[in-house]
Every structure is written in structure tokens, then in C-alpha cells.
RNA sequence: UCCGGAGUAGCUCAGGGGUCAGAGCGGGUGACUGUUAAUCACUAGGUCGGGGGUUCAAAUCCCUCCUCCGGAGCCA
């Protein structure tokens, strides 16, 4: 039993020639005369070579019996793989920390249902490790971006008294004498009063939508970052969203090369997004283009999934679509002064079939207009009295957006479904593990 | 909610009225001079999603329910 301190796999490239100790889990074990253990410790993956000549007899024996996901410590010499040049460990001693019997997720292929039931174990796979580390990098990048840009974090409540947008279905729960409370589907309405205190704010947390959506792009619980900026107009918020998106792509390209390679992500589209100005198109222009490309959409209708696909197949750059008919947008959107049928909203569509990642726009600053909209949408004025105060005491133009974290991760990793972008996905039919 | 597809070994699947329900992976035992989804041999492992029906006979055909997958709508 050695008293040598442990190192981590991520440091091994700088420790060639040294004798080190590692601890982790057996990803796979292959036995021949020389035995091979693929070890993962959370920081990376390394092959451990157990030869009869170098390892002590008990360790050599143990190496032949290791099962998938057994927890072990390994002591050995860091050397370079004779063929690949990657760091590997020539083992001197092995110790079993915790055995593992019949780990369900074997090296063969598995179906989605099985993997979802075993999500807590699926997290150990290389692919999930890579995805969730990129998610981590996005979360950190989002905070760094807004913090560095002078934003103040203003956490929004999760328990709310009513719908923020009035359209989507909400999860409800009993709340003492108030009757029902609802899980927040957006923190935006709480950011707007905040900008009058801090100028620029953002919230970043889980949001909930009880929509019965069964698509590759929907979760019932997802994370959203929502910046809000005082004195900002529609163009400002599109520029902000574009700058943030590029910042995040750059962070991933710089810091997550190993993960992108595990995912076999073609990096060219990300580099294109990073190095070009995003396209911009009004809703009206988009409808004309869609008609020219064969869609049966009519002006005044929202885009269907097919429409987004048609639009994005024509480009390899992210696309801002702005100035939508206000009929299908939220009550708080500022109308276009040049065309009152339009709202000053903008959505960012990601290329490669990922569709809407950001939705936002300029908020109505006129008290009178908002009151009309609340009435028109048949909302309860009493619920919004506090929100209306933003327009009574120094109302200013302001704008903001929301970006769905999971959709951004799905695009950057080029995943087929958002269920892999969050540790424990919540969907219509999925509440456990 | 609607439209399509699928539920057979721990996992991924084959078998589609009639003999004992099969393979690969994983597990077990053994072999094997550096393997990397290692390979090879042997071996254990099944209420064929639940219920009902047709038939001499149902994993197989019919009805129904459940679950999952893909798509639509709605959205970030």
C-alpha cells in the first residue's frame, strides 16, 4: 500500500517518465498475456498496461479478473504508447476499491429507452462525458460573457403567480392561501424591473413548460439565459446575441478539442459561425423566400418545422429572422413604428437543422399600449400591476432575449436530440431517474 | 392530442400458424506475447409487453390496453 499522492489523467501528458498513482473506474478490460485496462477518472481516459514482468503477481492476477466499472487504484510508470504516442501507464500495482457486477451498459449498442432508464449510469460513457463537459463550458462561458460585459445577475423566482407569456401550459402546485403557484417558464418579466436598478441584468436558471411536445428539441425542464438591457433596441439585442454566440463557440473550440473529437463533430460549421456576420432577414422577406423555395406558408402564419428546415438548408450561417407579425408573438413586444402589424422581435436560427436557439426582442415601453395588449390577450391586470410599474417610473426603451442552453449544446455538439444535453432530462414521459 | 413504427435472453436483434425459440454482445470457465467494441473454445441464461379472442395448435392471426421510438402541432 503506497502513500504516494494521486494524480489525475489530465496531467499525464506532462508526467511521462514519472511513476504516478491514479484512481478511477475500469471502462473496459482486455486480457491476453499482457492485460489492458482502460481507466477513466472523470478528468480523462488512459490505457493501463499490465505485464507479468512489470506488475507484482497479485496485481497481475487482479488485472485478469477486473469487470467493467470496477473502481481501482493504479500505480505505474507513465510512458508513451508505442504506436499512438498517447500517454499510457505501465502498471506496477493495482488495488480494488469497489467491485462491479453486471454493469448494464456494455460496450455494444443500446436502445434509447434502455439508455434513458439508465441515465445515471449512461453519464459514465465517453460520449456523455464529452457532451456534459461542453455544457459545463457553455454555462461558464455564458456567465463570463455577461459578467465581463457589465451585466448584473438578477435571479428570477421559479415559483410564480401566473404565466409570463400566457400561452404555454404551466406546471402548477398548491401555494398556501394563494391557491396555485406555477413553475416559471421565463424570468424575463422579472428582469425588466431589474434593468431600472442595474442597467443590464441577466438570469440563468431552469425553466418549465408543461407542453405535450415530443420532439428532438423539447424538454419540460430546461435552462435558459435571459439578458435584458435598458435603452436597447432590436438591433442592439441582435448584436448582443451574436456576440455571445461567437464567444461561446470560441470557448468550446479553444478548450474542448478532446470532447469535440470524441463526438466526431465537424468543426467547420462552428468556425463559419465564428468568423462571419450572421445573416439577417425580416419575417416578410423570409416568407417570400420560403414561397420561392416551395413552402405553402402564408404571410401571418408562424414558421413550421419544415419552413425552418427549408430556410436553413439554403445557408451555412446562423440567421436572424426579425419583425414578426405581432399576432403570434407575446403581449409585451414593442410594435414596429414603421408597420404596426409587426412586432420588434427576433429569433436566431442555428444552421445544420437546429433551428431556433435564441428568441427575443424589444419590449413595449408605453403603459397605454401594454394595458391594451393585456386586455386584448385577456390577461389579468392585477397579476401584472407590478410589471406595469416599469412603465410608470422612468420608462425607457429596452430589449432582451432568451437562449435555450440545451438547444445551444445540441447544435454545438451536433446531437440528434436535446435529451443528451442535460444530465437528467425531463420530458413528457420521463421523470426518472 | 394526431399520424406512422416497434415491444422475443441483462442488452441489440432474427424468427411471422405446426419439431426443442436462435445469434452476437455482456456474465461464467479456459486458451492466447501490445490489445484498444481484442480474438478463439465451452457454458449458464426466456411467462416471446399485459389482458381477451380465433384455431386441433398462437411468439406468429384478430381486438384492446400499456410502454417506447420517429414525425406533426407548440416553443427556447
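In UniProt numbering, the protein residues as written are 1 to 433.
Heads up, the beta-carbon is just placed ideally off N, CA and C, and yes, glycines get one too.
Quick caveat: nothing in here was measured; it's all calculated off a predicted structure.
Exposed or buried, which one is residue i when buried takes at least 16 other CB atoms within 10 Å?
i: residue 329; result: buried
i: residue 419; result: buried
i: residue 321; result: buried
i: residue 32; result: exposed
i: residue 3; result: exposed
i: residue 396; result: exposed
i: residue 111; result: exposed
i: residue 428; result: exposed
i: residue 424; result: exposed
i: residue 181; result: buried
i: residue 431; result: exposed
i: residue 190; result: buried
i: residue 393; result: exposed
i: residue 20; result: buried
i: residue 381; result: exposed
i: residue 218; result: buried
Beta-carbon within less than 7 Å of residue i's beta-carbon, same chain only, minus the 5 sequence neighbours each way: which residues are those?
i: residue 62; result: 94 and 96
i: residue 287; result: 297 and 299
i: residue 350; result: 318, 357 and 411
i: residue 10; result: 43 and 44
i: residue 471; result: The chain is shown only over 1 to 433; residue 471 falls outside these bounds and no answer can be derived.
i: residue 119; result: 424 and 433
Helix, strand or coil, according to DSSP, for residue i in the structure here?
i: residue 423; result: coil
i: residue 66; result: coil
i: residue 6; result: strand
i: residue 210; result: coil
i: residue 394; result: coil
i: residue 436; result: The chain is shown from 1 up to 433; residue 436 falls before or after that span and cannot be answered.
i: residue 476; result: Outside the modelled stretch of the chain, which goes from 1 to 433, sits residue 476, for which no answer is possible.
i: residue 305; result: helix
i: residue 269; result: helix
i: residue 405; result: helix
i: residue 253; result: helix
i: residue 137; result: helix
i: residue 42; result: coil
i: residue 299; result: coil
Per DSSP, which residues does residue i bridge with? Please list them.
i: residue 204; result: 225
i: residue 437; result: Outside the displayed range of the chain (1 to 433) lies residue 437, so it cannot be described from this structure.
i: residue 355; result: 350
i: residue 182; result: 160 and 172
i: residue 400; result: 228 and 361
i: residue 36; result: 30 and 49
i: residue 76; result: 20 and 91
i: residue 335; result: 343
Once you ignore the five residues that flank residue i on each side, which residues in its own chain have a CB closer than 6 Å to its CB?
i: residue 276; result: 317
i: residue 29; result: 37 and 66
i: residue 256; result: 134 and 137
Nearest to residue i by CA position, among the options, is which residue?
i: residue 142; options: 413, 414, 403 and 429; result: 403
i: residue 156; options: 135, 129 and 195; result: 195
i: residue 252; options: 271, 234 and 236; result: 271
i: residue 310; options: 353, 334 and 333; result: 353
Ordered along the chain, which non-local residues of its own chain (more than five positions away) have a Cβ less than 8 Å from that of residue i?
i: residue 174; result: 180 and 181
i: residue 447; result: For residue 447 there is no data in the structure shown, the boundaries of the chain being 1 and 433.
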